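Undergrad: Structure in structure tokens, see below.
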Amino acid sequence: MARAEWIAIDWGTSNLRVWAMQGATVLNAASSDRGMGRLDRDGFEPALVDLIGDWIDGPTMAVACGMVGSRQGWVEAPYATVPCAALPEGMVRAPAADPRLTVWVIPGLRQMSPADVMRGEETQIAGFLALNPGWDGVICLPGTHTKWVHVSAGEVISFQTFMTGELFSVIGTQTVLRHSISADGWDEAAYGQGLDDSFSRPERLAARLFSLRAEALVSTLSPTAARARLSGLLIGSELAAAKPYWLGQQVAVIGAGTVAGLYIKALAAQHVPAIQADGERATLAGLTAAWRKLKEI
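For the sequence shown, the residue numbers in our numbering are 3 to 299.
In structure tokens form, the structure reads like this:
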């Protein structure tokens, strides 16, 4: 394989993903479970070199986003304050001993009031905007901690984080509801019912959650239906709270697979058409934009 011109890195808490790049073209890809959460500061460079060592044979630039730039990461990349460009100034160089590597880390974004932060999502936002020039509206990034982000004129204006994904996991595995909820499977009608119930009466969420347990005991609610309804209840409550973001706005959902599809369906139920963008493609476009920016310096 031809030598990589540069290396794109998405380094989260749980996983490390890397791509050998030639301009905007992917030559090769690799991943490991050596995320930030499993490494001390001295472990980042060896974890990276283990994956990319065969791709480089001379001085090579690498551009990284995600938790690698957190206080517990390889090097702290301070947050940029919104409103600001989706790809902010202030990329930080990580201390790499390997003479072949120059590693730059993209800073996250922070909002002072109400307080909020993101790391990694800003790169996906920048990538989406690079792929969709002139796009204004609201971007939803579903995940463990879902983000709703207002963007205009290429800048992030404001954003809000919802712990919906983490709540789904914790409620389904560590509360009394674990006895009533399956680990997999799906019931589309139950999901829709949860959405409707929670969106129309979000203040009843806690009571609706316990009804999943009660219905499993006294009625015929199946574990699969309970799982889908739990998802609908949580996403419905989130949509109700996020209404000031998406109401009357152009909306995009960045992500692939089941979770992004659930948000598309939830928005459609409120007569809000949303486009879906591939998360990996957006990440690579954002990292490529950062690499091009560094080349200009």
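All residues carry an ideal CB built from backbone N, CA and C; glycine is no exception. A quick note: this is a predicted structure, and the numbers were derived from the prediction, not measured.
Taking the CB atoms as reference points, tell me whether Ser160 and Gln113 lie closer together than 8 Å.
TA: yes
Undergrad: Kindly list the residues whose CB is nearer than 7 Å to the CB of Gly281, restricted to its own chain and excluding five residues on each side of it in sequence; keep chain order.
TA: Gln126, Ile256, Gly257 and Ala258
Undergrad: Report the residue ranges of all alpha helix (DSSP H) runs contained in full by the segment 178–219; include only those spanning at least 4 residues, in chain order.
TA: 190–202
Undergrad: Do Gly129 and Ala6 have their C-beta atoms within less than 8 Å of each other?
TA: no
Undergrad: How long is the line joining the alpha carbons of Ala98 and Ile54, rounded to whole angstroms?
TA: 14 Å
Undergrad: From the DSSP output, in three-state form, read off Gln113 for me.
TA: strand
Undergrad: Closest to Gly139 by C-alpha separation, out of Glu157, Ser221, Ser202 and Val253, would be which residue?
TA: Val253
Undergrad: Can you check which of these residues, Ser182, Val107, His181 and Ala87, is closest to Ser72 by C-alpha distance?
TA: Val107
Undergrad: Cα separation between Asp199 and Gln251?
TA: 24 Å
Undergrad: Using DSSP's beta-bridge definition, name the partner residues of Phe164.
TA: Thr148
Undergrad: With a threshold of 7 Å (Cβ to nearest heavy atom), would Arg43 be considered close to the ligand PLP?
TA: Only the bare structure without any ligand can be found here, which leaves the ligand PLP out of the picture.
Undergrad: Measure the Cβ-Cβ separation of Ala268 and Leu241 and say whether it is below 8 Å.
TA: yes
Undergrad: Is the beta carbon of Arg203 less than 8 Å from the beta carbon of Leu179?
TA: Contact flag unset, no.
Undergrad: Pull the bridge partners of Leu143 from the DSSP assignment, please.
TA: Lys149
Undergrad: Let me confirm a value: Pro90 is counted as buried when at least 16 other C-beta atoms fall within 10 Å, else exposed. Which label applies?
TA: buried
Undergrad: Using the rule of at least 16 other Cβ atoms within 10 Å of the residue's Cβ for burial, across every protein chain shown, is Ile299 buried or exposed?
TA: By the Cβ neighbour-count rule, Ile299 is exposed, with fewer than 16 other Cβ atoms within 10 Å of its own.
Undergrad: Are the Cβ atoms of Ile11 and Ala66 separated by less than 8 Å?
TA: yes
Undergrad: Please determine if the segment 33–45 and the segment 18–25 are in contact, where contact requires at least 3 C-beta pairs separated by less than 8 Å.
TA: yes
Undergrad: Could you tell me how far apart the beta carbons of Ala64 and Val28 are, in whole angstroms, since I believe they sit closer than 8 Å?
TA: Actually they do not touch by this definition, with Cβ atoms about 14 Å apart.
Undergrad: Helix, strand or coil, according to DSSP, for Asn74 in the structure here?
TA: Here residue 74 turns out to be Gln, not Asn, going by the sequence shown. Coil at Gln74, not helix or strand.
Undergrad: So the candidates are Leu50, Pro61 and Phe46; which of them puts its Cα closest to the Cα of Glu78?
TA: Phe46
Undergrad: Please classify Ser33: does DSSP put it in a helix, a strand, or coil?
TA: strand
Undergrad: Just to confirm my understanding: we take His181, look at its own chain, exclude 5 residues before and 5 after, and list those with CB closer than 8 Å. What are they?
TA: Cβ neighbours of His181 beyond the five flanking positions: Arg215 and Ala218.
Undergrad: Can you check DSSP and say which residues form a bridge with Ala84?
TA: Residue identity differs from the one stated: residue 84 is Val in this sequence, not Ala. Answer by DSSP bridge pairing: none, since Val84 is not bridged.
Undergrad: Identify which residue in Gly187, Leu41 and Ala132 has its Cα closest to the Cα of Ala291.
TA: Ala132
Undergrad: Looking at Pro144: is its Cβ nearer than 8 Å to the Cβ of Ala262?
TA: Cβ distance < 8 Å, so Pro144 and Ala262 count as in contact.
Undergrad: For the beta strand (DSSP E) that Ala66 lies in, which residues bound it at each end?
TA: Going by DSSP, Ala66 is part of the beta strand (DSSP E) stretching over Thr62 to Gly68.
Undergrad: Our contact map puts Ser233 next to Phe164 with C-beta atoms below 8 Å; I'd like the distance itself, whole angstroms only.
TA: 13 Å between Cβ atoms; not a contact.
Undergrad: Under DSSP, the alpha helix (DSSP H) around Gln24 begins and ends at which residues?
TA: Note, Gln24: premise wrong, no alpha helix (DSSP H); beta strand (DSSP E) at Leu18 to Gln24.
Undergrad: Excluding sequence positions up to five away, which residues of its chain have a Cβ less than 8 Å from the Cβ of Pro101?
TA: Pro61
Undergrad: State the CB to CB distance for the pair Trp57 and Ile9, rounded to an integer number of angstroms; the pair is presumed to be in contact (CB under 8 Å).
TA: 7 Å
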